[in-house]
Structure formats: structure tokens, C-alpha cells
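These protein sequences, in sequence, are chains A and B.
When we follow the working numbering, the leftmost residue of the first sequence carries the number 12, and every step to the right adds one.
When we follow the working numbering, the leftmost residue of the second sequence carries the number 12, and every step to the right adds one.
We put the beta carbon where it would ideally sit given N, CA and C, even for glycine.
Reading through the C-alpha cells given below for one structure.
2 protein chains.
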Amino acid sequence: MDKPLILVTNDDGINAPGLRKLIEIMRKLGDVVVIASELVMSGMAHAVTIQTPLMPRLIKEEESYKEFITNGTPTDNIKLGKHRLLDRSPDLVVSGINHGSNASINIIYSGTMAAVLEASIDGIPAIGFSLCDYMPDADFSHVEGWIEKITQKVLNEGLPEGVCLNVNIPRISDEEIKGIKVCRQAEARWVEEFEERKDPYGRTYYWLGGRFVNGDKRNETDEKALADNYISVVPVQFDFTAHHVVDKMNFD
Amino acid sequence: MDKPLILVTNDDGINAPGLRKLIEIMRKLGDVVVIASELVMSGMAHAVTIQTPLMPRLIKEEESYKEFITNGTPTDNIKLGKHRLLDRSPDLVVSGINHGSNASINIIYSGTMAAVLEASIDGIPAIGFSLCDYMPDADFSHVEGWIEKITQKVLNEGLPEGVCLNVNIPRISDEEIKGIKVCRQAEARWVEEFEERKDPYGRTYYWLGGRFVNGDKRNETDEKALADNYISVVPVQFDFTAHHVVDKMNFD
Numbered sequence: 012m013d014k015p016l017i018l019v020t021n022d023d024g025i026n027a028p029g030l031r032k033l034i035e036i037m038r039k040l041g042d043v044v045v046i047a048s049e050l051v052m053s054g055m056a057h058a059v060t061i062q063t064p065l066m067p068r069l070i071k072e073e074e075s076y077k078e079f080i081t082n083g084t085p086t087d088n089i090k091l092g093k094h095r096l097l098d099r100s101p102d103l104v105v106s107g108i109n110h111g112s113n114a115s116i117n118i119i120y121s122g123t124m125a126a127v128l129e130a131s132i133d134g135i136p137a138i139g140f141s142l143c144d145y146m147p148d149a150d151f152s153h154v155e156g157w158i159e160k161i162t163q164k165v166l167n168e169g170l171p172e173g174v175c176l177n178v179n180i181p182r183i184s185d186e187e188i189k190g191i192k193v194c195r196q197a198e199a200r201w202v203e204e205f206e207e208r209k210d211p212y213g214r215t216y217y218w219l220g221g222r223f224v225n226g227d228k229r230n231e232t233d234e235k236a237l238a239d240n241y242i243s244v245v246p247v248q249f250d251f252t253a254h255h256v257v258d259k260m261n262f263d
Numbered sequence: 012m013d014k015p016l017i018l019v020t021n022d023d024g025i026n027a028p029g030l031r032k033l034i035e036i037m038r039k040l041g042d043v044v045v046i047a048s049e050l051v052m053s054g055m056a057h058a059v060t061i062q063t064p065l066m067p068r069l070i071k072e073e074e075s076y077k078e079f080i081t082n083g084t085p086t087d088n089i090k091l092g093k094h095r096l097l098d099r100s101p102d103l104v105v106s107g108i109n110h111g112s113n114a115s116i117n118i119i120y121s122g123t124m125a126a127v128l129e130a131s132i133d134g135i136p137a138i139g140f141s142l143c144d145y146m147p148d149a150d151f152s153h154v155e156g157w158i159e160k161i162t163q164k165v166l167n168e169g170l171p172e173g174v175c176l177n178v179n180i181p182r183i184s185d186e187e188i189k190g191i192k193v194c195r196q197a198e199a200r201w202v203e204e205f206e207e208r209k210d211p212y213g214r215t216y217y218w219l220g221g222r223f224v225n226g227d228k229r230n231e232t233d234e235k236a237l238a239d240n241y242i243s244v245v246p247v248q249f250d251f252t253a254h255h256v257v258d259k260m261n262f263d
């Protein structure tokens, strides 16, 4: 039987340790093609490149393994993979391992999860993995068994139609992790705190910063699961409709 | 009584005719502050600028009116407005008028709708307006009464918590428009067709193109409303959780 074809991408760029770790894990599970951005695409969300052209380059090729870099976004990378760079449709798309949490409202800003959603729109099973540690030298040693377990299950069983997974792993040792919890996106948000500075010409500029504020006290959220030392898995879909108000609203 | 404060933005950039039309309409309804990107941000989705700083500039000031340009994305513009450029929290955020449809799956790629969602995350009523005509010289003459009607209703009555509006207007004359339909996002998608070219050095590059494919035959979708000559209004929320599978999925 052919090994599954796994497309790997991320939003921290081709050189991120989190991507390297994910590649290492996926090469145990199938044939792997990496398509990742040359530059850091953190915070690029679902951006697509339409003002400029895309120029992917094959930079490495071994048996059952290829690695491309591009000048595009994570979403572009999935589109390029599906329609130009892969010989056949991938059996799975994985994205990450992100340096930093994509739980709660972070999903909306995340290039990592955009790649996952983009694959899902085209019916490809897809999983985003994030470690709740944004440092470039974050310790990924404890994630391997968990990522392998979740990925193998999805390879074996697939995912419900139109659904992909947002997996977040707490920044604790393997022994402390209590297990995996399937949960919902917490209703948290960022409260911006722009830092104001002056450039050498006296002009004001701002660096985006912020505080993460979680006012969602329910038990079944991803933030709660992470705080309780569980890996959070949120099944994710891309319908933005507020179904609960469609029938109540009118403009007559 | 004070006039409402309306923050206006878009993703086609400060010079887009659609933005100018929206400003004209909003100045009849309240005090207006425009914060728009200097460059075209079409397709930027919910991207936030975290690799570089933001430098907004006030370029116009009149009674009850201010206009800023920025080097940021539509989402950045909302964040800058809320936390740095406005004296008080806006009563309403409007975004557009987008040159091109943001119905169906287009919402996920749209900078116009990202600005609207960003405002909504912070509890500000917000509406995105799009005309289903992507041409820079699109005819906006028929949109005014409809946009005014929808905006005035939201100013008067507010919106349900966590809900914003995605309004799309068909490219037909005012007489042909049959009314406003509140509906759901159609499950359509883009099938990419990258155009392959060679640069002067012989390197391959790709321009993103594509065909819009709507396989969603249900009656109550935005695409159906637009095809039937209605203005579509989709109430939109930002919870990505696939609630229907949370309880059915487990990794034990």
C-alpha cells in the first residue's frame, strides 16, 4: 500500500524549529512535501497574494521527501501545493508546530490555522499544531508522541466533512500533560497596547502589543483545557454565519 | 444629542471610489473618522502587522471629519482607531464599499470583512458593504439608499452580541433590486487556476487566478439572494468551533 502523502506548512517560516520538528514526526508517518514561506508569516491570517506573483523553489529532494520555499503566505502555499507543486492530492495537511498559542481568538490572526482552513475548504483533512510558547528556542521535546497519536487517528479515520482541527499544546513537560480534551474556542480577546515611539525624523510610530484577556469562564473551552494541563483540540469549520440570528433579523 | 461617531475603513486603499462613496453616505449620518491603508490591501484577510511598526498620518481634518492613512492592514486600522487615533469608542464601524463580492467563502480572504470582524470582537457594531463588481470604475450610483437604510437601522437598534453584518449588493440598477434578504453564507469555493509564466531570467512564477464554484443549491444562501437580485445580508460571528462535532469526537 502507498504511504499517505502529507503536506506540511507553517507560518513561522522555513527555518522555524517548530516546522523542523513537525517534518521529523511526519516523515515517520508518510511521504512528505514541505511548502513553507521563506519569510516569517506570523499574523498573516488568511491573506492571499494577488498583487504580486508567486515564485516557489524546490530546495531539497530525497526519497519520499520534497521541500519547497515560497514568497507567499501560508494560504498561498496550500493553493500552490494543491494545484501546482504536488503530483497528487495530499491525504493530509499539517501546519505548525506554531511558536505560540492559536487557542481562542488567536485562530483568526493565525497563518498556521489559515493553511489548515484552506485545505479544509477543499475537502482535505487538516490539522494545525501549536505550542503555547512563542520563543524561537521553545522546547518541543514533549510534543512528539501526542502529535503522532492525533495525526495517526486522523489518517486512519478521517475527519467529519468541512471540519479541521486546531490543536494546542501547553508549555509543560510530557509527564504533566493529563491528556487530550476536545473543546470549543474560548471567547477571549486581545486588548491592544500600542507602544508609541519616535523615528529619527521625529515621526510617531507604533508597535502592536497587547494583553490577552479571557472573560470566558465556561468549563469546556480550549483556554480552560490548556490551563488544566490538557492538550486542547477544537474541531473547526469555516462558516461565519451567525445561524442563531438569521431568522430573527429583517430589514423590511 | 451628539451625532454618532462612525469609523470608516476598507481594503481597496484610501483612493478607492468605493471608500469615497461610503464616506459620502456616512457623513450624512454622523461624525466620521476614516482610517484606511495607503496601499491596496485586497486579499489581506485578518492579517495584523507585527514584524514592522505602524505609522498613521492625519491627512485631512474638517468639522466632524478626519481622515488618516496608514501602512497597515484593515485589521491594524481598526486596532489603531480604537486604541490610538479616536478620542472615544466609535458607535459604528463600516468597511467598504468593496470592489467585488464578499459573499460566500470570499469572506475568509477579505480585508474588508476582517475589519468588520475585528470591530465586532471588541463589541462595536460593524457592517461590511461590498458591490459585486470588482472593476475600479464600478458604478456605485444605486447603492446609496440601501446602505443608508441598513446603517440607520443598525445605528438605531444595534446588533446582537458578537454579531456583525456582511452586506453584498448585486451589480444591477436600483430599479432591478428586489429588496434585502437576510441569509447564510453559501458553501462555495474557489478552484485555483494559477497562470504560469517565465521571468526574464527563465524562472517560473505564478499568478493566482481561479474560478468561483458554487455547489450549494439551498435557497437561503447569500449567493442565491444575489442571483435573485436581492441585497444579501449575512449576520456574521467569529466562533470557528464546529459545535456539532465537539461531543462526538475523542482521542482516548
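Fill in: Chain-ordered neighbours of Ala114/B on chain A, where CB pairs are closer than 8 Å
Within the second sequence, numbered from 1, the residue matching residue 114/B stands at position 103. What Ala114/B touches in chain A: nothing, since even the nearest Cβ is about 11 Å away.
Worksheet item: Hey, is Glu159/A's beta-carbon within less than 7 Å of any beta-carbon in chain B?
Response: Here residue 159/A corresponds to residue number 148 of the first sequence, with the count starting at 1. Residue-level contact check: Glu159/A does not touch chain B, since none of the beta carbons of chain B fall below 7 Å from its beta carbon.
Item to complete: Kindly indicate which residue of Val247/A, Arg214/A, Met260/A has the alpha-carbon position closest to the one of Ala197/A.
Response: Within the first sequence, residue 197/A is the residue found at index 186, counting from 1. Closest by alpha carbon: Val247/A.
Worksheet entry | alpha helix (DSSP H) runs contained entirely in the segment 142-225 of chain A, provided each spans 4 or more residues | 155-168
Fill in: Cross-strand partners of Ser109/A (DSSP beta bridge)
Residue numbering aside, residue 109/A sits at position 98 when the first sequence is read from its first letter. Per the sequence presented here, residue 109/A reads as Asn, with Ser not at that position. Note: Asn109/A sits in a beta bridge opposite Ser141/A.
Worksheet item: Contact between the segment 46-54 of chain B and the segment 12-31 of chain B: three or more CB pairs below 8 Å?
Response: yes
Discussion item. Can you pull the chain B neighbours of Asp133/A, defined as C-beta to C-beta under 8 Å?
Written reply: Translated into the one-based positions of the first sequence, residue 133/A becomes position 122. The CB of Asp133/A comes closer than 8 Å to the CB of Arg200 in chain B, given here in chain order.
Worksheet item: Cβ of Ala236/B within 7 Å of Cβ of Cys194/B?
Response: Working through the second sequence from its first residue, we reach residue 236/B at position 225. Working through the second sequence from its first residue, we reach residue 194/B at position 183. In this structure, Cys194/B lies closer than 7 Å to Ala236/B by Cβ.
Worksheet item: Quick one, which of Thr86/A, Lys93/A, Ala58/A, Met66/A has its alpha-carbon nearest Leu16/A's?
Response: Reading the first sequence from its first residue, position 5 is the one you call residue 16/A. Among Thr86/A, Lys93/A, Ala58/A, Met66/A, the Cα nearest to that of Leu16/A belongs to Lys93/A.
Fill in: Residue closest to Val45/A, alpha-carbon to alpha-carbon, out of Leu97/A, Val256/A, Pro64/A
For this step, residue 45/A is matched to residue 34 along the first sequence. Out of Leu97/A, Val256/A, Pro64/A, Leu97/A has the C-alpha closest to the C-alpha of Val45/A.
Worksheet item: Assuming Gly107/B contacts Gly29/B under a Cβ cut-off of 8 Å, what Cβ separation, rounded to an integer in Å, is found between them?
Response: Stepping through the second sequence from its first residue, residue 107/B is reached at position 96. Stepping through the second sequence from its first residue, residue 29/B is reached at position 18. Yes, Gly107/B and Gly29/B are in contact; Cβ-Cβ is about 6 Å, under 8 Å.
Worksheet item: What do you reckon, is the C-beta of Leu65/B under 6 Å from a heavy atom of the ligand FAD?
Response: This structure lacks the ligand FAD, and indeed carries no ligand of any kind.
Item to complete: Return no unless some Cβ of chain B is closer than 7 Å to the Cβ of Pro171/A.
Response: For the purposes of this step, residue 171/A is identified with residue 160 of the first sequence, where counting begins at 1. By this cut-off, Pro171/A is an interface position.
Item to complete: Give, in chain order, every residue of the segment 217-230 of chain B whose Cβ lies closer than 7 Å to some Cβ of chain A.
Response: Tyr217, Trp218, Leu219
Fill in: Contact list for the segment 87-104 of chain B against chain A, Cβ threshold 8 Å
Asp87, Lys90, Leu91, Lys93, His94, Arg95
Discussion item. Is the beta carbon of Thr81/A closer than 7 Å to that of Ser121/A?
Written reply: Indexing the first sequence from 1 puts residue 121/A at position 110. Indexing the first sequence from 1 puts residue 81/A at position 70. Not in contact: Ser121/A and Thr81/A (Cβ atoms no closer than 7 Å).
Fill in: Cβ neighbour criterion (16 or more within 10 Å) applied to Glu74/B
As a position in the second sequence, residue 74/B is number 63, starting the count at 1. Under this definition Glu74/B is an exposed residue.
Worksheet item: Of all the CB atoms in chain B, is at least one closer than 7 Å to the CB of Glu187/A?
Response: Locating residue 187/A in the first sequence gives position 176, counting from the first residue. So, not an interface residue.
Discussion item. Taking the straight line between their C-alpha atoms, what separation do you get for Gly139/A and Pro67/B?
Written reply: Here residue 139/A refers to the residue found at position 128 of the first sequence. Here residue 67/B refers to the residue found at position 56 of the second sequence. Rounded to the nearest angstrom, the two C-alpha atoms are 34 Å apart.
Discussion item. Only counting the same chain, and skipping five residues up and downstream in sequence, which positions put a Cβ closer than 6 Å to that of Leu128/A?
Written reply: Here residue 128/A corresponds to residue number 117 of the first sequence, with the count starting at 1. Once the five neighbours on either side are set aside, the close Cβ partners of Leu128/A are Phe249.
Fill in: Through-space distance from Leu18/B to Ile61/A, alpha-carbon basis
Here residue 61/A corresponds to residue number 50 of the first sequence, with the count starting at 1. Here residue 18/B corresponds to residue number 7 of the second sequence, with the count starting at 1. Those two C-alpha atoms are separated by around 27 Å.
Discussion item. Am I right that Ser141/A and Asn88/A are in contact with their C-beta atoms under 8 Å? What's the rounded C-beta distance?
Written reply: As a first step, residue 141/A must be located in the first sequence, where it is residue number 130. As a first step, residue 88/A must be located in the first sequence, where it is residue number 77. Between Asn88/A and Ser141/A the Cβ distance is about 17 Å, and since that is not below 8 Å, they are no contact.
Discussion item. Can you tell me whether Ala56/B is buried or exposed? The criterion is at least 16 other CB atoms within 10 Å of its CB, across all chains shown.
Written reply: Counting from one through the second sequence, the residue named residue 56/B turns up at place 45. Taking every protein chain shown into account, the CB of Ala56/B has 16 or more other CB atoms within 10 angstroms, so this residue is buried.
Discussion item. Per the DSSP calculation, Tyr264/B is bridged to which residue(s)?
Written reply: Because chain B is modelled from 12 through 263, residue 264/B falls outside the range shown and cannot be assessed.
Worksheet entry | Whole-angstrom distance between Thr20/A and Ala126/A, CA atom to CA atom | In the first sequence, counting from the first residue as 1, residue 126/A sits at position 115. In the first sequence, counting from the first residue as 1, residue 20/A sits at position 9. Their Cα atoms are separated by approximately 8 Å.
Discussion item. I need the straight-line Cα distance from Pro147/B to Cys175/B, nearest angstrom please.
Written reply: Your numbering for residue 147/B matches position 136 in the second sequence. Your numbering for residue 175/B matches position 164 in the second sequence. If I take the Cα positions, the gap works out to 26 Å.
Worksheet item: By the 10 Å Cβ neighbour count, where 16 or more other Cβ atoms means buried, how is Asn167/B classified, buried or exposed?
Response: For the purposes of this step, residue 167/B is taken as the residue at position 156 of the second sequence. Exposed is the call here.
Discussion item. Looking at the strands, I want to know which residues DSSP matches up with Thr232/A.
Written reply: In the first sequence, the residue the question calls residue 232/A occupies position 221. Paired residue(s): Arg195/A.
Practice prompt. Give me the Cα-Cα distance between Lys3/B and Ser184/B, rounded to the nearest whole angstrom.
Written response: No statement about residue 3/B is possible, as the shown extent of chain B runs from 12 to 263 and does not include it.
Worksheet item: Given Tyr217/B, which residues of its chain have a CB within under 7 Å of its CB, disregarding the five upstream and five downstream residues?
Response: The residue labelled residue 217/B in the question sits at position 206 within the second sequence. Within the same chain, Tyr217/B has close Cβ partners Phe205, Glu206, Glu207.
Item to complete: Measuring alpha carbon to alpha carbon, tell me which of Asp210/A, Ile242/A, Phe79/A, Asp42/A ends up nearest Asp102/A.
Response: Counted from its first residue, the first sequence places residue 102/A at position 91. Between Asp102/A and the set Asp210/A, Ile242/A, Phe79/A, Asp42/A, the nearest pair of CA atoms involves Asp42/A.
Discussion item. Quick check on DSSP: helix, strand or coil for Pro28/A?
Written reply: Residue mapping note: residue 28/A aligns to position 17 of the first sequence, counting from 1. Looking at Pro28/A - three-state DSSP - the assignment turns out to be helix.
Worksheet item: Is the beta carbon of Val224/B less than 7 Å from the beta carbon of Val256/B?
Response: Here residue 224/B refers to the residue found at position 213 of the second sequence. Here residue 256/B refers to the residue found at position 245 of the second sequence. In this structure, Val224/B keeps its C-beta atom at 7 Å or more from the C-beta atom of Val256/B.
Worksheet item: Along the segment 41-56 of chain A, what residues have a CB closer than 7 Å to any CB found in chain B?
Response: Val51, Ser53, Gly54, Met55, Ala56
Worksheet entry | Candidates Phe262/B, Phe251/B, Tyr241/B: closest to Cys143/B by CA position | As a first step, residue 143/B is located in the second sequence; it is residue number 132 there, counting from the start. Per the Cα distances, Tyr241/B.
Worksheet item: Taking buried to mean at least 16 other C-beta atoms within 10 Å of its own C-beta, is Lys160/A buried or exposed?
Response: Against the first sequence, residue 160/A aligns to sequence position 149. Lys160/A should be labelled exposed.
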